[in-house]
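A.B. asks: One structure coming up, written as structure tokens, with questions to follow.
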Amino acid sequence: MFSSLQRVIIPGIIRRSSNHRRFSSVSVHSVFPATLYRFQVYRESKLFDKSLGEDEWDPEDSVEVQADGLVHPKITLDVSNGALFMPNTHFMQEVTRRSYDYYLEGLDDGKPAENPHLLCIHKGTELPDTLLLHRERDSRFSLQPSHPMPLTALNKTLTEFYIKNGIMLDPDKWLEKNPYHEASFDNSAEWMNE
Numbered sequence: 001m002f003s004s005l006q007r008v009i010i011p012g013i014i015r016r017s018s019n020h021r022r023f024s025s026v027s028v029h030s031v032f033p034a035t036l037y038r039f040q041v042y043r044e045s046k047l048f049d050k051s052l053g054e055d056e057w058d059p060e061d062s063v064e065v066q067a068d069g070l071v072h073p074k075i076t077l078d079v080s081n082g083a084l085f086m087p088n089t090h091f092m093q094e095v096t097r098r099s100y101d102y103y104l105e106g107l108d109d110g111k112p113a114e115n116p117h118l119l120c121i122h123k124g125t126e127l128p129d130t131l132l133l134h135r136e137r138d139s140r141f142s143l144q145p146s147h148p149m150p151l152t153a154l155n156k157t158l159t160e161f162y163i164k165n166g167i168m169l170d171p172d173k174w175l176e177k178n179p180y181h182e183a184s185f186d187n188s189a190e191w192m193n194e
């Protein structure tokens, strides 16, 4: 019955490397599907090129800039290629507490004080055409460019989006009001209702 089906390979269309593993998003959104948060030290976006090994406040803010000098939409195992956002889950609280600790340790080491905050984007917020929200894992999202763009343009686009749509929350007050034991489980769908 299927004897007439043949495997067709077009040279140059598919390239695979045995050392390269591609990951895919669980889903991609143009509207925030839940209220999501990210810890930030600055009001503006300061994502940085992972390959430069910069000593920044938060390693979660590193992205991969390709050889063409652009940040491409991409899912990898070790880094979000955009701004990391999460709902109020156990993992989000762990990442937030760790990032806040990095900030406080930096102050102890002589870094200047900044404006650490949780950036909150409410459920239903629409994204501009230049951005897409990738759900990478159960409760891990990354706000990435919808098409390849320079890192400076991505940071500018994110900053404009944050100023227009984000709410800055004090991390101490938010963590006190939202104790770890009351956070949702990461693999639970209950956080989608928030």
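Using the UniProt record's numbering, read the sequence shown as starting at 1 and increasing by one per residue. We treat Cβ as the ideally placed atom computed from N, Cα and C, and that holds for glycine.
Please look up how many angstroms separate the CB atoms of Thr159 and Glu44, rounded, as I've assumed it's under 8 Å.
C.D. replies: Confirmed, Cβ separation roughly 4 Å.
A.B. asks: Rounded to the nearest angstrom, how far is the Cβ of Gly69 from that of Pro128, given a contact under 8 Å?
C.D. replies: The pair is not a contact, with the Cβ atoms about 22 Å apart (cut-off 8 Å).
A.B. asks: Who are the Cβ neighbours of Glu182 in its own chain at under 8 Å, not counting the five residues just before and after it?
C.D. replies: Nothing listed; no residue qualifies.
A.B. asks: Under a Cβ-count criterion, where at least 16 other Cβ atoms within 10 Å of its own Cβ denotes burial, should Ala113 be classed as buried or exposed?
C.D. replies: When all chains shown are included, Ala113 counts as exposed.
A.B. asks: Can you tell me whether Tyr162 is helix, strand or coil according to DSSP?
C.D. replies: Helix at Tyr162.
A.B. asks: Rank Leu47, Pro73, Glu60 and Leu104 by C-alpha distance to the C-alpha of Pro171 and give the top, closest one.
C.D. replies: Of the listed residues, the one whose Cα sits closest to Pro171 is Leu104.
A.B. asks: I need the straight-line Cα distance from Phe141 to Lys173, nearest angstrom please.
C.D. replies: Their backbone Cα atoms lie some 24 Å apart in a straight line.
A.B. asks: What is the DSSP secondary structure of Gln93, reduced to helix, strand or coil?
C.D. replies: The answer is helix: DSSP assigns Gln93 an H, G or I state.
A.B. asks: Closest by CA to Thr125, which one among Tyr37, Asn165, Glu176 and Arg137?
C.D. replies: That would be Asn165, whose Cα lies nearest to the Cα of Thr125.
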